[in-house]
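Residue numbers (this note's numbering): 1058 to 1289.
Here's the structure, in structure tokens; my notes come after.
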């Protein structure tokens, strides 16, 4: 639902599926047929947020975005109203779409150059290319540095500081990832891996497979792999 309404990097398949369902519900209503699409935001007392440690971090992200998670009892009411709305038309202006606990905000696409026509105030900040001056200096250090010329710890720290924000945007989290924690703990899947792989190809001009990203023990281990490829 979030991908269809707000947008998430690397999740175009989810966006396509959810926006189609929203449109299909509206189409059925135009044909006089019952339909309702529910765009659910976070639910805090059941499911992922309640059963995983990562849920605490995500809850803080939701709070910073002004999102208010709903609870299970309210979800049951929403489902009931959705069913009644389809048959009794409680609201004559009903469009076939219910949105709960999702507040549109700045999208992660704004810093990306190919979306510069849609970018607002962030364009000036990033120069429309998605890489600020500090990141450019780190990129230059990684590309020109070598184990013999630059301390390995400095190169590794620069790589972590570069890759961390990319993963943060793809995962939709507001806090930096712990470089020592397993990436799987943060929900890094094949979609996130493809997005990072494309970024690495474009910015570092090296090839890393999605399997190498998903299989990395931690962010630090992944950056070690990237440094090894840069040194070849």
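From the three backbone atoms N, C-alpha and C, an ideal C-beta is built for every residue, glycine too.
All of these numbers come straight from a predicted model, not from anything done at the bench.
Where does residue 1157 fall in DSSP's three states?
Three-state DSSP puts residue 1157 in a strand.
Rounded distance between the beta-carbons of residue 1279 and residue 1288, thought under 8 angstroms
The Cβ separation is near 15 angstroms, so there is no contact.
Using alpha carbons as the reference points, say which of 1097, 1216 and 1245 lies closest to residue 1229.
Residue 1245 is the option with its Cα nearest to residue 1229.
Quick test of the definition: if touching needs 3 or more C-beta pairs under 8 angstroms, does the region 1125–1133 touch the region 1097–1106?
They touch, by the three-pair rule.
Thinking just about the alpha-carbon of each residue, which of 1213, 1195 and 1243 is nearest to the one in residue 1271?
Restricting attention to 1213, 1195 and 1243, the CA atom closest to the CA of residue 1271 is found in 1243.
Kindly indicate the opening and closing residues of the alpha helix (DSSP H) around residue 1097.
Per DSSP, residue 1097 lies in no alpha helix (DSSP H) segment; the continuous beta strand (DSSP E) that holds it begins and ends at 1094–1097.
Per-residue burial, residue 1226 [other beta carbons within 10 Å of its own, 16 or more giving buried]:
Answer is buried; the Cβ neighbour count reaches 16.
Straight-line CA distance for residue 1142 to residue 1093?
Those two C-alpha atoms are separated by around 8 angstroms.
Given this structure, state the Cα-to-Cα distance separating residue 1081 from residue 1154, to the nearest angstrom.
Separation of residue 1081 and residue 1154 (C-alpha to C-alpha, rounded to the nearest whole angstrom) is 10 angstroms.
Excluding the five sequence neighbours on either side, which residues of its own chain have a C-beta within less than 8 angstroms of the C-beta of residue 1266, listed in chain order?
For residue 1266, where only same-chain residues beyond five positions count, the Cβ hits under 8 angstroms are 1254.
Which parts of the region 1209–1241 are runs of the alpha helix (DSSP H), unbroken and 4 residues or longer, counting only runs that do not cross its ends?
Counting only runs of 4 or more, we get 1209–1228.
Using the Cα positions of residue 1210 and residue 1281, report the straight-line distance between them to the nearest angstrom.
The C-alpha of residue 1281 is placed about 10 angstroms away from the C-alpha of residue 1210.
Would residue 1219 and residue 1196 qualify as a contact pair, given that the criterion is a beta-carbon distance under 9 angstroms?
Result yes, Cβ atoms of residue 1219 and residue 1196 sit closer than 9 angstroms.
I'd like the list of long-range same chain contacts for residue 1263, defined as Cβ closer than 8 angstroms, with 5 residues on each side in sequence excluded.
Excluding residues up to 5 positions away in sequence, 1257, 1283, 1286 and 1287 lie with their Cβ nearer than 8 angstroms to the Cβ of residue 1263 in the same chain.
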